[in-house]
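Chemist:
Numbering (the working numbering), first residue to last: 454 to 840.
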């Protein structure tokens, strides 16, 4: 292990900004842990349905503030996408070739998930699993794909949006919410915010790539300003305090994104920019950098299979013949929270098995760490730029 860490560190180009990879890793881990903590599969009367501890325990709402990290992912995506496209143009690479390479990195792992779950769905139907249960399971697996579709769309639009000021999509989100909530407009208008809302941090990332977010002042303005506006929206404008959807709630901040979700994302982006310096110092330690590099190399595999890992552990738990606390029981008390935390290592172990089985689809071919280092690319010179 020490030799692997040393080789990964020595093979990393000196000019590489390791903090960017660290932010992406934090964003992926935030989504994974968030889903594991606020998603419970409840077996009731022969069917399986989803329950959330946020519905029964509103005191857990701050958990959604910590683990809803999608804005950071789009911030990094905008920065990496803009720099990648600028470099491709400098090399004379066509837009079509550049986009094809980036989308292939994004969607190769998706094909494996779709094939496996198509076979699993047919097998479950043949074995007598009810449609309601199957719908619940497939929704958990497929729901993260909306995020990849939006990310792919923004990546394709990079040449158009790379110089777009973030205030323009922010103004679009503001006006959509005014029409929806202030003037009783149709709820379907909110789906415009799926593109406009995530375009805000993506454009911030592109501005970062152009060198326009230098200095800590920008980070503090985004952090404090975004947090203040979000608090005002929650306290006085009726927006939910939770930054993820809560079953039974009249409004979700995330599905589709609301103005509160976008301003909260701006606060997160500000915090991310402020953390760049400490992260760069931390990642000078070879062991810390090796962990970030290896996680980024399989970022999409981790993202796409983490729900499957949780469901596999939940299904295996049913073989005990009873309902295990924190796994099959209603999330309605502190006991469930403590039990859920105890189950996290089991989820992680199941995810590790999924990673071992499917990581090659993200890496295009079987690729050992030693081969990566010999090529001079501890993470194919992009670590997880493929995300």
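By construction, the Cβ of each residue, glycine as well, lies at the ideal position given by its N, Cα and C atoms. Keep in mind that this is a model prediction, so the values were computed, not measured.
On the DSSP letters alone, give me the boundaries of the beta strand (DSSP E) that residue 500 sits inside.
Modeler: Numbered from its first residue, the chain shown carries residue 500 at position 47. Residue 500 -> beta strand (DSSP E) spans 500-504.
Chemist: Since residue 815 and residue 561 are thought to touch, with beta carbons under 8 Å apart, how far apart are those beta carbons, to the nearest angstrom?
Modeler: Position 362 of the chain shown, counted from the start, is the residue given in the question as residue 815. Position 108 of the chain shown, counted from the start, is the residue given in the question as residue 561. Confirmed, Cβ separation roughly 6 Å.
Chemist: Measuring only the C-alpha atoms, how far is residue 794 from residue 524?
Modeler: Taking the first residue of the chain shown as 1, we reach residue 794 at position 341. Taking the first residue of the chain shown as 1, we reach residue 524 at position 71. Each residue's Cα considered, the two are about 25 Å apart.
Chemist: Given this structure, state the Cα-to-Cα distance separating residue 638 from residue 741, to the nearest angstrom.
Modeler: As a first step, residue 638 must be located in the chain shown, where it is residue number 185. As a first step, residue 741 must be located in the chain shown, where it is residue number 288. For residue 638 and residue 741, the distance between alpha carbons rounds to 49 Å.
Chemist: Which one of 653, 684, 528 and 709 has the shortest CA to CA distance from residue 647?
Modeler: Counted from its first residue, the chain shown places residue 647 at position 194. Cα-wise, what sits closest to residue 647 is 709.
Chemist: How far does the beta strand (DSSP E) with residue 494 in it reach, from first residue to last?
Modeler: Mapped onto the chain shown, residue 494 falls at position 41. Residues 493-497.
Chemist: Which residues in the same chain as residue 715 place their Cβ atom closer than 6 Å to its Cβ, once the five residues preceding and following it in sequence are excluded?
Modeler: Walking along the chain shown from the start, residue 715 turns up at place 262. Excluding positions up to five away in sequence, the list reads 626, 650 and 653.
Chemist: Pick from 556, 614, 758 and 785: whose alpha carbon is nearest that of residue 804?
Modeler: If you number the chain shown from 1, residue 804 lands on position 351. It is 758.
Chemist: What does DSSP give as the partner residues of residue 707 in its beta bridges?
Modeler: Taking the first residue of the chain shown as 1, we reach residue 707 at position 254. According to DSSP, residue 707 bridges with 710.
Chemist: What does a CB cutoff of less than 6 Å around residue 833 pick up in its chain, not counting 5 residues either side in sequence?
Modeler: Residue 833 sits at position 380 when you count from the first residue of the chain shown. Bear in mind that the predicted position of residue 833 carries a pLDDT of just 42, short of 50, making it too unreliable to give a figure here.
Chemist: Can you give me the start and stop residues for the alpha helix (DSSP H) that residue 450 sits inside?
Modeler: Given that the chain is displayed from residue 454 to residue 840, the structure contains no residue 450 and the question cannot be resolved.
Chemist: In whole angstroms, what separates the C-alpha of residue 672 from that of residue 730?
Modeler: Here the question's residue 672 lines up with position 219 in the chain shown. Here the question's residue 730 lines up with position 277 in the chain shown. About 12 Å.
Chemist: I'd like to know if residue 727 contacts chain B, where contact means its C-beta is closer than 7 Å to some C-beta of that chain.
Modeler: Of the chains in the structure shown, none is chain B; there is only one protein chain.
Chemist: Report the rounded CA-to-CA distance for residue 645 versus residue 619, giving the unit in angstroms.
Modeler: By 1-based counting over the chain shown, the position of residue 645 is 192. By 1-based counting over the chain shown, the position of residue 619 is 166. For residue 645 and residue 619, the distance between alpha carbons rounds to 16 Å.
Chemist: For residue 454, does the count of other Cβ atoms within 10 angstroms reach 16, so buried, or fall short, so exposed?
Modeler: Counting from one through the chain shown, the residue named residue 454 turns up at place 1. Residue 454 is exposed by the Cβ-count criterion.
Chemist: Please go through the region 589-632 and give each complete beta strand (DSSP E) segment of 3 or more residues, from N-terminal end onward.
Modeler: The region 589-632 contains no whole beta strand (DSSP E) run of 3 or more residues.
Chemist: In angstroms with no decimal places, state the Cα-to-Cα distance between residue 812 and residue 566.
Modeler: Against the chain shown, residue 812 aligns to sequence position 359. Against the chain shown, residue 566 aligns to sequence position 113. Their Cα atoms are separated by approximately 11 Å.
Chemist: Does the contact criterion of 3 or more C-beta pairs under 8 Å hold for the region 475-492 versus the region 508-525?
Modeler: The region 475-492 vs the region 508-525: in contact.
Chemist: Along the chain, where does the alpha helix (DSSP H) containing residue 734 start, and where does it finish?
Modeler: Along the chain shown, one-based indexing puts residue 734 at 281. Note, residue 734: alpha helix (DSSP H), 729-735.
Chemist: Using 8 Å for Cβ pairs, my map puts residue 658 next to residue 530. What's the rounded Cβ distance?
Modeler: By 1-based counting over the chain shown, the position of residue 658 is 205. By 1-based counting over the chain shown, the position of residue 530 is 77. So it is a contact: roughly 6 Å between Cβ atoms.
Chemist: Skipping 5 residues on each side, what residues in its chain have a beta carbon closer than 6 Å to that of residue 697?
Modeler: Locating residue 697 in the chain shown gives position 244, counting from the first residue. 517, 521 and 707, listed in sequence order.
Chemist: Would you kindly report the start and end of the unbroken alpha helix (DSSP H) that includes residue 815?
Modeler: Here residue 815 is taken as the residue at index 362 of the chain shown, counted from 1. Its alpha helix (DSSP H) spans residues 787-815.
Chemist: I need the straight-line Cα distance from residue 528 to residue 490, nearest angstrom please.
Modeler: Counting from 1 along the chain shown, the entry for residue 528 is found at position 75. Counting from 1 along the chain shown, the entry for residue 490 is found at position 37. Approximately 24 Å between the Cα atoms of the pair.
Chemist: Give every residue of the same chain whose Cβ lies closer than 6 Å to the Cβ of residue 721, excluding the five residues on either side of it in the sequence, and list them in chain order.
Modeler: Position 268 of the chain shown, counted from the start, is the residue given in the question as residue 721. So the qualifying residues of the chain are 524 and 525.
Chemist: When you compare only the Cα positions, how much space is there between residue 783 and residue 789?
Modeler: Here the question's residue 783 lines up with position 330 in the chain shown. Here the question's residue 789 lines up with position 336 in the chain shown. Residue 783 and residue 789: Cα-Cα distance of roughly 8 Å.
Chemist: From residue 509 to residue 700, what distance separates their C-alpha atoms?
Modeler: Taking the first residue of the chain shown as 1, we reach residue 509 at position 56. Taking the first residue of the chain shown as 1, we reach residue 700 at position 247. Distance between the alpha carbons of residue 509 and residue 700 is about 10 Å.
Chemist: Looking only at its own chain, which residues have a Cβ that is under 7 Å from the Cβ of residue 574, when we skip the five neighbours before and after it?
Modeler: The sequence position of residue 574 within the chain shown is 121, counting from 1. Excluding residues within five positions, the ones whose Cβ falls inside 7 Å are 587 and 591.
Chemist: Check residue 764 in the structure and name its three-state DSSP category.
Modeler: Start at 1 with the first residue of the chain shown, and residue 764 comes out as number 311. Residue 764 falls in the helix class under three-state DSSP.
Chemist: Would you give the residue range spanned by the alpha helix (DSSP H) that residue 463 belongs to?
Modeler: Counting from one through the chain shown, the residue named residue 463 turns up at place 10. Run containing residue 463: 455-464, per the alpha helix (DSSP H) assignment.
Chemist: Mind checking residue 507: buried by the 16 CB within 10 Å criterion, or exposed?
Modeler: Within the chain shown, the letter at position 54 stands for residue 507. Residue 507 should be labelled buried.
Chemist: Suppose the cutoff is 6 Å on Cβ atoms and the five residues either side in sequence are ignored; what does the same chain contact list for residue 766 look like?
Modeler: Locating residue 766 in the chain shown gives position 313, where the first residue counts as 1. Closer than 6 Å at Cβ, skipping near neighbours: 799, 800 and 803.
Chemist: Taking the beta carbon of residue 456 as the centre, do at least 16 other beta carbons fall within 10 Å, making it buried, or is it exposed?
Modeler: As a working mapping, residue 456 is identified with position 3 in the chain shown. It counts as exposed.
Chemist: What's the gap between the Cα of residue 467 and the Cα of residue 796?
Modeler: The residue you call residue 467 lines up with position 14 of the chain shown. The residue you call residue 796 lines up with position 343 of the chain shown. Distance between the alpha carbons of residue 467 and residue 796: 40 Å.
Chemist: Go to residue 667, then tell me how far its alpha helix (DSSP H) extends in each direction, as first and last residue.
Modeler: Mapped onto the chain shown, residue 667 falls at position 214. Element bounds for residue 667: n/a, residue is neither H nor E.
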